[in-house]
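Engineer: Note that full-length UniProt numbering numbers the sequence shown so that position 214 is 214, with each residue one more than the last. Beta carbons: idealized from backbone N, C-alpha and C, even for Gly. Dropping the structure in here first, questions after.
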Amino acid sequence: MSTPPQDPGRRLAVVLLAAGLGRRMGGPNKLLCDLEGMPVVRRAALPFRAALPADAPRVVVTGRDAAKVTAALDGLGFSGVYNPDFSDGMGRSIAAGVAALPADVDGILIALGDMPGLQADTVHAMRAALSADLDPASAILRPMHDGHAGHPVLWGADYRSALAALTGDRGGRDLILQHAGRLRQVVVDDPAVIRDIDQPSDLAAARALFTTDPAGKQWS
């Protein structure tokens, strides 16, 4: 699938969160674990290379094993931002990533580094939904699959300052609650939006699937 140009006046950026401790994995950094020939975090990043223009700002926020995580994304157009407070929760990682973006972005995708297999079509659908919104700057778009809300979340430009001020371990959840009237669900045929790798059994399931389906299209 060819990469579409950015919509006029709709410059999107992606912040990939890859800084967490991953305690439930019980030792190894889950983001660096092999998943059919490449690290989990690289598989999580691939759709943003495929679905966004080459000049779209891409930032990966690192913490644990920062150099290794950044190296795992070599060639995908991501710049690394180290969050020294990564153990304090997702909020500070979101803030660090958003603060590193250029000022002229019109939408910010907040994505998770432990969610491999996202389809590029899902990113396309979210871009289209933002363009169709009557007030894109104040829109909050979230993919939904099988009745469940997932990730990544696409934030309009009006939320930049609030995202850059986040702290704690709730990420953007409180911000979504505060602006619930602007939240829109984008229904997608992509189970990867609701599946992450938190513990060894999740990684084993992903490996079993990707062995027979390298693109991860049936990751469920």
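When DSSP labels each residue in this structure, what does Ile197 get in the three-state scheme?
Structural biologist: Start at 1 with the first residue of the sequence shown, and residue 197 comes out as number 197. Residue state for Ile197 is assigned as coil, using DSSP reduced to three classes.
Engineer: On the CB-based measure, 16 or more other CB atoms within 10 Å of its CB, does Ser2 come out buried or exposed?
Structural biologist: What you label residue 2 is simply residue 2 of the sequence shown in a count that begins at 1. Here Ser2 scores only 45 on pLDDT, less than 50, and its place in the model should not be relied on; the value that follows carries that caveat. Ser2 should be labelled exposed.
Engineer: In the DSSP assignment, what residue or residues form a beta bridge with Gly80?
Structural biologist: Reading the sequence shown from its first residue, position 80 is the one you call residue 80. Per DSSP, Val60.
Engineer: Do residue 262 and Asn83 have their CB atoms nearer than 8 Å?
Structural biologist: Residue 262 lies beyond the residue range present for the chain, which begins at 1 and ends at 220; the question has no answer from this structure.
Engineer: Measuring CB to CB, does Gly113 end up less than 8 Å from Ala56?
Structural biologist: Numbered from 1 along the sequence shown, position 113 holds the residue referred to as residue 113. Numbered from 1 along the sequence shown, position 56 holds the residue referred to as residue 56. Not a contact, by the Cβ cut-off of 8 Å.
Engineer: By DSSP's criteria, His145 is part of a beta bridge. Which residues make up the other side?
Structural biologist: Reading the sequence shown from its first residue, position 145 is the one you call residue 145. DSSP lists His148 as partners of His145.
Engineer: Per DSSP, what kind of secondary structure is Gly27 in: helix, strand or coil?
Structural biologist: Taking the sequence shown and counting its residues from 1, one reaches residue 27 at position 27. Correct three-state label for Gly27: coil.
Engineer: Within the continuous alpha helix (DSSP H) that includes Gly91, where are the two ends?
Structural biologist: For the purposes of this step, residue 91 is identified with residue 91 of the sequence shown, where counting begins at 1. Looking at the DSSP string, the run of the alpha helix (DSSP H) that includes Gly91 is 90–99.
Engineer: Using a 10 Å radius around the Cβ and a threshold of 16 neighbouring Cβ atoms, would you call Gly9 buried or exposed?
Structural biologist: Within the sequence shown, residue 9 is the residue found at index 9, counting from 1. With a pLDDT of 47 at Gly9, under the threshold of 50, the modelled position of this residue cannot be trusted; read the value that follows with caution. When all chains shown are included, Gly9 counts as exposed.
Engineer: Should Asp190 go down as buried or exposed, given a rule of 16 or more other Cβ atoms within 10 Å for buried?
Structural biologist: Working through the sequence shown from its first residue, we reach residue 190 at position 190. Under this definition Asp190 is a buried residue.
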